[in-house]
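Here the structure is laid out as structure tokens; the discussion comes afterwards.
In our numbering, the protein residues as written are 200 to 514.
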């Protein structure tokens with residue numbers, strides 16, 4: 200039985216959507232149990248009782264716009280802190296949240312710890328599932344020295360090895376593929392990656408290689424990755440809206456591809472547990488997709504697989 204710890208309070212649409220998504224998942228997966236961490240409210244309508252659904256009330260919620268301060272680590276009764284604690288204590292197999300990204304990364308590091316002391320955690324987003332290709336980092340880290348980018352490449356490669364049978368091939372996102380281009384940080388990261396036998400490094404990647412090509416793990420700092428992801432999703436929504444206004448049948452094709460070829464949300468790797476971060480604006484379908492993503496990485500025991508791969512490389 201896979202047990203999911205769901206932080207119901209982080210999404211923009213409120214806990215009701217999280218409740219509905221959890222019940223839908225339970226109706227489809229008989230081997231899944233879900234613990235929902237929520238903050239009781241006067242007008243909050245709780246879901247109907249279910250044998251594999253547990254409701255865990257908490258007295259604190261971390262808002263989407265809160266800054267990460269030291270006080271965050273003392274808020275032990277927040278829904279996110281409690282969900283992460285259940286993962287640390289092995290009462291759940293994966294945490295799924297739609298909440299504050301900065302708070303999630305900070306608390307994950309605090310509660311779960313790092314897989315390696317100098318290996319910074321990163322958010323990975325799958326850009327395509329068959330064959331698997333992904334982008335790392337998406338915003339867990341903004342100011343990234345070259346050694347951090349090298350670590351992202353290792354985490355991304357281990358992720359691909361754990362979840363597919365496709366060998367990882369690293370590309371470092373840059374303004375061009377020529378050796379003369381890029382900042383000093385990018386050039387140093389290129390040097391570090393070129394000096395290692397694992398992961399396989401194929402050099403610089405341009406933005407046109409994000410969704411196709413032989414480089415299936417594209418590495419960048421969190422600010423660039425977040426901007427790339429949001430721009431891509433914004434363009435998709437814009438095109439769908441334009442096609443719908445013209446009466447085209449193409450939107451159904453686009454929407455089908457978007458739903459089936461990409462998992463909802465991103466995975467935080469490099470911490471001592473399995474963790475999925477969904478969009479704050481997630482609707483019911485997106486929350487279901489994020490939970491299903493969490494189930495997938497829990498079944499693969501992704502955290503342990505990445506840890507084992509890193510250990511093997513250090514030997």
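In this text, a Cβ means the ideal position worked out from N, Cα and C, and glycines have one as well.
* CA nearest to the CA of residue 423, picked from 352, 341 and 361 -> In the chain shown, counting from the first residue as 1, residue 423 sits at position 224. The option with the nearest alpha carbon to residue 423 is 341.
* Asked: Relative to the C-alpha of residue 270, which residue among 249, 305 and 286 is closest?
  -> As a working mapping, residue 270 is identified with position 71 in the chain shown. That would be 305, whose Cα lies nearest to the Cα of residue 270.
* To do: Taking the CB atoms as reference points, tell me whether residue 352 and residue 392 lie closer together than 7 Å.
  => Position 153 of the chain shown holds residue 352. Position 193 of the chain shown holds residue 392. Against a cut-off of 7 Å, the Cβ pair of residue 392 and residue 352 comes out as a contact.
* Residue(s) in a DSSP beta bridge with residue 491 -> As a position in the chain shown, residue 491 is number 292, starting the count at 1. Per DSSP, none; premise fails for residue 491.
* Would you call the region 277-286 and the region 227-246 in contact, with 3 or more CB pairs under 8 Å? -> yes
* Can you give the Cα-Cα distance for residue 248 and residue 336, rounded to whole angstroms? -> Within the chain shown, residue 248 is the residue found at index 49, counting from 1. Within the chain shown, residue 336 is the residue found at index 137, counting from 1. Distance between the alpha carbons of residue 248 and residue 336 is about 39 Å.
* Burial state of residue 443 (16 or more Cβ within 10 Å) -> The residue you call residue 443 lines up with position 244 of the chain shown. It is exposed - the Cβ of residue 443 has fewer than 16 other Cβ atoms within 10 Å.
* Asked: Cα separation between residue 298 and residue 200?
  -> By 1-based counting over the chain shown, the position of residue 298 is 99. By 1-based counting over the chain shown, the position of residue 200 is 1. Between residue 298 and residue 200, the C-alpha separation is close to 26 Å.
* **Inter-stretch contact at 8 Å, needing at least 3 Cβ pairs: the region 363-375 / the region 479-488** => no
* Asked: I think residue 387 touches residue 339, with their Cβ atoms under 8 Å apart; what is that distance to the nearest whole Å?
  -> Translated into the one-based positions of the chain shown, residue 387 becomes position 188. Translated into the one-based positions of the chain shown, residue 339 becomes position 140. Contact doesn't hold; Cβ gap of about 20 Å is too wide.
* To do: Put residue 440 into one of helix, strand or coil per three-state DSSP.
  => Taking the chain shown and counting its residues from 1, one reaches residue 440 at position 241. DSSP places residue 440 in helix when its eight states are reduced to three.
* **residue 289 versus residue 497: straight-line alpha-carbon distance, rounded** => Here residue 289 corresponds to residue number 90 of the chain shown, with the count starting at 1. Here residue 497 corresponds to residue number 298 of the chain shown, with the count starting at 1. Using only the alpha carbons, I get a separation of about 12 Å.
* Asked: What residue from 295, 323, 285 and 301 has the CA that sits closest to residue 311's CA?
  -> Your numbering for residue 311 matches position 112 in the chain shown. Ranking the options by Cα distance to residue 311, first place goes to 285.
* Exposed or buried, residue 473, counting other C-beta atoms within 10 Å across all chains shown (16 or more means buried)? -> The residue given as residue 473 occupies position 274 in the chain shown. Buried: at least 16 other Cβ atoms inside 10 Å.
* Entirely within the region 289-340 and at least 4 residues each: give me those alpha helix (DSSP H) ranges in chain order. => 300-311
* Three-state class that DSSP yields for residue 466 in the structure shown -> By 1-based counting over the chain shown, the position of residue 466 is 267. Residue 466 falls in the strand class under three-state DSSP.
* With distances taken Cα to Cα, identify the nearest neighbour of residue 385 among 212, 419 and 254. => Reading the chain shown from its first residue, position 186 is the one you call residue 385. The shortest C-alpha separation from residue 385 is found at 419.
* Straight-line gap, residue 291 to residue 301 (C-alpha atoms, nearest Å) -> Your numbering for residue 291 matches position 92 in the chain shown. Your numbering for residue 301 matches position 102 in the chain shown. Between the alpha carbons of residue 291 and residue 301 lies a distance of about 22 Å.
* Does DSSP put residue 369 in a helix, a strand or coil? -> On the chain shown, residue 369 is found 170 positions in, with the first residue counted as 1. Strand.
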